[in-house]
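K.L.:
My questions will all concern the structure given below.
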Amino acid sequence: MEKTASKRNVPPIIRKILDIDVKLTEKFVLWANQFVPLRSLRTHYKILEISCHGIAWFACWIAFMWVYTSKSLVQMQINMLLGLIIDIVLIAVIKAYTRRRRPPANKNDSFAEMGPDKFSFPSGHASRAAYVAYFFCNLYPLPIIFWLPVLSWATSVSLSRVLLNRHHVLDVIVGVLLGILEGILLGFLWLDQETALWMWNSLTDEKLQGGEFHV
Numbered sequence: 106m107e108k109t110a111s112k113r114n115v116p117p118i119i120r121k122i123l124d125i126d127v128k129l130t131e132k133f134v135l136w137a138n139q140f141v142p143l144r145s146l147r148t149h150y151k152i153l154e155i156s157c158h159g160i161a162w163f164a165c166w167i168a169f170m171w172v173y174t175s176k177s178l179v180q181m182q183i184n185m186l187l188g189l190i191i192d193i194v195l196i197a198v199i200k201a202y203t204r205r206r207r208p209p210a211n212k213n214d215s216f217a218e219m220g221p222d223k224f225s226f227p228s229g230h231a232s233r234a235a236y237v238a239y240f241f242c243n244l245y246p247l248p249i250i251f252w253l254p255v256l257s258w259a260t261s262v263s264l265s266r267v268l269l270n271r272h273h274v275l276d277v278i279v280g281v282l283l284g285i286l287e288g289i290l291l292g293f294l295w296l297d298q299e300t301a302l303w304m305w306n307s308l309t310d311e312k313l314q315g316g317e318f319h320v
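For the sequence shown, this note's numbering gives the first residue as 106, with consecutive numbering after it.
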C-alpha cells in the first residue's frame, strides 16, 4: 500500500498547477453555460466527441483507404494513417503514466471508452483534432476554402471536451500542443510515394501501379 501511494505522490508545484487548472476549468464551464447551457448542446458535443474518436477515425480511415484505392491518394492515406497510429500510441502511454482523473462533473457516458481512455491527461480528442488540422493545412494542404471548416471543427472539438466536463483546460491545451508536435514529427517521417505504395501493396492483395511494385 505504501509503495502504491508513493507512486502517486505529486510534487507540490505540480499539485498547485493542477489545483489552479481545476478551479479555472470550473469557472470557465460556469461562465460558458451562462450563454449556452450544457443541456441544450450536449447532443452536439457528443456528436463532436464521436467525430474525433480514435477508434472511429482509425476504422473510417482504413475503410476510406480500402474503398478509394488510388495511386494519387495512397501517399496521403498511408502518411495520415501513420500519424493516427503515433497519436493513439502517445496518448495511451501518457495517460497510462499520468492517470489524471476526469473532472468530477463528468458523466460516464463516453463513446467506446476503454483502457487508458478513462484518464484525463492529455485530451486525445484535442490532440487528434489538432493533428488532423495540421495535416490538412500543412502536410497535405487542402484548397484554402476548406481550411476554415477544418480549423472550426478542430476548435469546436477541443472546446467541447471542456464544456462536456470530459477534460480540464490544461488537458486540452497540452493535447492541442501534442497534436501539433505529432504533425511536425510526421513531417520529418513523411513517407515518399514509392514507400507508401510498397506499404499498401504489402498490406493488401490489390497491387497499385508504381515502378517495381506493380504486379
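Beta carbons: idealized from backbone N, C-alpha and C, even for Gly. Note that the structure is a prediction, hence the values are computed from the model and not measured.
What whole-angstrom Cβ distance do alanine 231 and valine 172 have, given they're in contact under 8 Å?
P.N.:
With a Cβ gap of about 28 Å, alanine 231 and valine 172 do not count as contacting.
K.L.:
Do you know how far the Cα of leucine 286 is from the Cα of asparagine 270?
P.N.:
About 25 Å.
K.L.:
Do you know how far the Cα of proline 227 is from the Cα of phenylalanine 140?
P.N.:
Looking at the two C-alpha atoms, the distance is approximately 27 Å.
K.L.:
Excluding the 5 residues preceding and the 5 following leucine 146 in the sequence, name in chain order all residues of the same chain whose CB lies nearer than 8 Å to its CB.
P.N.:
Once the five neighbours on either side are set aside, the close Cβ partners of leucine 146 are Leu268.
K.L.:
Report the residue from Arg120, Gly229, Cys165 whose alpha carbon sits nearest the alpha carbon of lysine 200.
P.N.:
Closest by alpha carbon: Gly229.
K.L.:
So, at 6 Å on beta carbons, what are the nonlocal neighbours of valine 279 in its own chain, with the 5 sequence-adjacent residues on each side left out?
P.N.:
Counting only Cβ-Cβ distances below 6 Å, and skipping sequence neighbours, we find Pro227.
K.L.:
Histidine 158 and serine 225 - do their beta-carbons sit closer together than 8 Å?
P.N.:
Not a contact, by the Cβ cut-off of 8 Å.
K.L.:
Where does lysine 212 sit, in a helix, a strand or coil, going by DSSP?
P.N.:
Correct three-state label for lysine 212: coil.
K.L.:
Quick check: the stretch 181 to 198 against the stretch 240 to 249, are at least 3 beta-carbon pairs closer than 8 Å?
P.N.:
Cβ pair count under 8 Å is three or more, so yes.
K.L.:
To the nearest angstrom, report how far apart leucine 135 and threonine 203 are at their CA atoms.
P.N.:
Roughly 27 Å separates the two Cα atoms.
K.L.:
Grab me the residues of serine 261's own chain with a C-beta within less than 7 Å of its C-beta, minus the 5 sequence neighbours each way, in chain order.
P.N.:
Counting only Cβ-Cβ distances below 7 Å, and skipping sequence neighbours, we find Leu153.
K.L.:
Which of the three DSSP states, helix, strand or coil, is assigned to proline 227?
P.N.:
Note: proline 227 maps to coil in three-state DSSP.
K.L.:
In the structure shown, what three-state DSSP assignment does cysteine 242 receive?
P.N.:
Reduced to three states, the DSSP call for cysteine 242 is helix.
K.L.:
Check whether the Cβ atoms of glycine 292 and arginine 233 lie closer than 8 Å to each other.
P.N.:
No.
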